[in-house]
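Since the structure comes first, as structure tokens, the remarks are kept for the end.
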Amino acid sequence: MTPEQHELYENARKRVRQKRRLYIHFVVFVVGSGFLFVIDRILKVGDNFLQDWFIYASLLWFFFWVLHFINVFITKRFMGKDWERKQTEKLVLKQEKSIEKIKKRLEKESQFIAESQFQKELKRKTISKPKQTVTIIAAIANDNALGKDNKLIWHLSADLKRFKATTTGHHIIMGRNTFESIGRPLPNRTTIIITRNPTFKADGCIVVNSIEEALDASKEDATPFIIGGAQIYKQMINSVDKLDITEVHHSFEADAFFPTIDKTIWKETSRQNFNADEKNQYNYSFVTYEKR
Ligand SMILES: NC(=O)c1ccc[n+]([C@@H]2O[C@H](COP(=O)([O-])OP(=O)(O)OC[C@H]3O[C@@H](n4cnc5c(N)ncnc54)[C@H](OP(=O)(O)O)[C@@H]3O)[C@@H](O)[C@H]2O)c1
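Just so we're aligned, residue 1256 is where the sequence shown starts under this note's numbering, counting upward by one.
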């Protein structure tokens, strides 16, 4: 039994004893008053001394009994000041415990809220990070011709200028053949070469063994460019976000071709047409396609 339970038990016993004594007192009072009535009225004791003295005696006794009653049911009911103080202390202790519990719960909740706000913020930042736009850049002649004998077939100054202006400062991803056709890493760009050859090396370039690795190597760049050739264009055309095409309006003999642009996937969003001039031998157009 805990000390608290013991105390409650003792209090209950005390109350029972008090009530029992009051009850006995009441019984004794009733019997005593009856006795006084008998000796007064039947035995006529004390008539010459004080008329109806038993009534006064009974009343006095009743008065004492009422005092006893008050003591048991009103005064003692609250078990005195000491009892009250103890009850208050217990109550305060109980309140303190529940306050402590509430505090702990609030701490947990605020920690949870802080964590979920952090998660939300992280998610918001992740979502709001600008999406990478992977772009294919290519010059295509009639019949999708790209090149022959691992070389470009034409020289178009406006296209080279456009290529330089567009790709400078960015990652350029190319197949091993195209790299060998160019022969060196292009200045002010990060050159990524894709090859299946695990021992292939090229100074100043990043060499990777798959398209996935190439994209991974350029993931910090918001707009990396896929610059060819035919094999790489074919594998990537429908997974990139944009096509920047220079159409060269002329027919050439070729052995490397650009894949067909599927117009159900790609939508032409801009076109600029140019006529041949002293620096550009053929009519040409700059065309942009974006995913539908
Ligand atoms: N008109 C234009 O805008 C333009 C632009 C670029 C190029 N071109 C022309 O295109 C021609 C070159 O194109 P191409 O198709 O012959 O060669 P490419 O696409 O430049 O390179 C092909 C090589 O890339 C590697 N490769 C391809 N897919 C791969 C993969 N999934 N994983 C790992 N490595 C992979 C292989 O290298 P390994 O053999 O080393 O394994 C493969 O032989 C040339 O004539 C060039 O002048 C034209």
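Idealized CB from N, CA, C, for every residue including glycine.
Check: Residue range of the alpha helix (DSSP H) that includes Asn1266; Outcome: 1258–1292
Check: Whole alpha helix (DSSP H) elements within the region 1460–1496, 4-residue minimum; Outcome: 1466–1472, 1485–1491
Check: Those runs of the beta strand (DSSP E) which lie wholly inside the region 1365–1430 and span at least 3 residues; Outcome: 1390–1396, 1400–1402, 1426–1430
Check: For Arg1444, the three-state DSSP class (helix, strand or coil); Outcome: coil
Check: Cβ separation of Ile1500 and Ile1395, assumed to be a contact under 8 Å, to the nearest whole Å; Outcome: 6 Å
Check: Proximity test, Lys1522 beta-carbon vs ligand 1 heavy atom, cut-off 7 Å; Outcome: no
Check: Contacts around Thr1388, its chain only, beta-carbon distance under 8 Å, and the 5 residues preceding and following it disregarded; Outcome: Ala1477, Thr1478, Asp1496, Lys1497
Check: Sequence-distant residues of its chain with Cβ nearer than 7 Å to Glu1502 (five each side left out); Outcome: Ile1395, Tyr1539, Ser1540, Val1542
Check: Among Ile1481, Gln1273, Asn1397, the one whose alpha carbon lies nearest that of Thr1515; Outcome: Asn1397
Check: Touching by the beta-carbon criterion (3+ pairs, under 8 Å), the region 1426–1435 and the region 1444–1462; Outcome: yes
Check: Trp1409 vs Tyr1537 beta-carbon contact at 8 Å; Outcome: yes
Check: Leu1407 CB to nearest heavy atom of ligand 2 below 7 Å; Outcome: In terms of ligand content, the structure shown lacks ligand 2 and carries ligand 1 instead.
Check: Where the beta strand (DSSP E) through Val1542 begins and ends; Outcome: 1539–1546
Check: For Ser1436 and Lys1406, believed in contact at Cβ under 8 Å, the rounded distance; Outcome: 6 Å
Check: Test item: CB-CB of Lys1274 and Val1327 under 8 Å; Outcome: yes
Check: At least 3 beta-carbon pairs within less than 8 Å: the region 1312–1331 vs the region 1262–1281; Outcome: yes
Check: Range of the contiguous beta strand (DSSP E) that encloses Phe1507; Outcome: Where Phe1507 is concerned, there is no enclosing beta strand (DSSP E), given that its DSSP letter is neither H nor E.
Check: Whole-number beta carbon distance between Val1462 and Lys1456, since they are thought to touch under 8 Å; Outcome: 6 Å
Check: Gln1486: CB within 7 Å of a non-hydrogen atom of ligand 1; Outcome: yes
Check: Closer than 7 Å: Lys1403 CB and nearest ligand 1 heavy atom; Outcome: yes
Check: Assigned secondary structure, Ile1520 (DSSP; H/G/I helix, E/B strand, else coil); Outcome: coil
Check: Ala1400 beta carbon less than 8 Å from that of Ala1509; Outcome: yes
Check: C-alpha distance - Lys1518 paired with Lys1403, whole-angstrom precision; Outcome: 26 Å
Check: For Ala1457, three-class secondary structure by DSSP; Outcome: coil
Check: Distance cut-off 7 Å: Asn1443 Cβ against heavy atoms of ligand 1; Outcome: no
Check: Check: Asn1493 C-beta below 7 Å from any heavy atom of ligand 1; Outcome: no
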